[in-house]
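Student:
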Amino acid sequence: GGGALLKGLDRHIAEQLKVSVTIAEDPLAAVVEGAGHVLDNMEVYKSVCN
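Residue numbering for the sequence shown follows the numbering used here, starting at -16 and increasing by one per position.
(1) Quick test of your reading: P10 and G(-15), contact by CB under 8 Å. State the CB separation rounded to the nearest angstrom.
(2) Is G17 helix, strand or coil when you go by DSSP?
(3) If we ignore side chains and look at the alpha-carbon of each, how far apart do A7 and A13 end up?
(4) Pull up the distance between the alpha-carbon of I(-4) and that of L(-12), whole angstroms please.
(5) Contact defined as beta carbons within less than 8 Å: I believe V21 pairs with C32. What is the distance between those atoms, to the nearest angstrom?
Structure below.
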């Protein structure tokens, strides 16, 4: 989401957690698209959406 737009956050997360970090082309849209996917597939995600 919008947090991905914070300068240097990706680098900080990668260094601290020792993981690869990739920022979506459009982070704000990625949040909406992901939420839409969950809403469209509530049966699949019901165990984590309680």
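The beta carbon of each residue, even a glycine, is placed where N, CA and C say it ideally should be.
Tutor: A quick look at the data gives this:
(1) About 7 Å separates the CB atoms of P10 and G(-15); that is less than 8 Å, so the two are in contact.
(2) Of the three classes helix, strand and coil, the one that applies to G17 here is helix, per DSSP.
(3) The C-alpha of A7 lies about 7 Å from the C-alpha of A13.
(4) Between I(-4) and L(-12), the C-alpha separation is close to 13 Å.
(5) Yes, they are in contact, since the Cβ atoms of V21 and C32 sit about 7 Å apart, within 8 Å.
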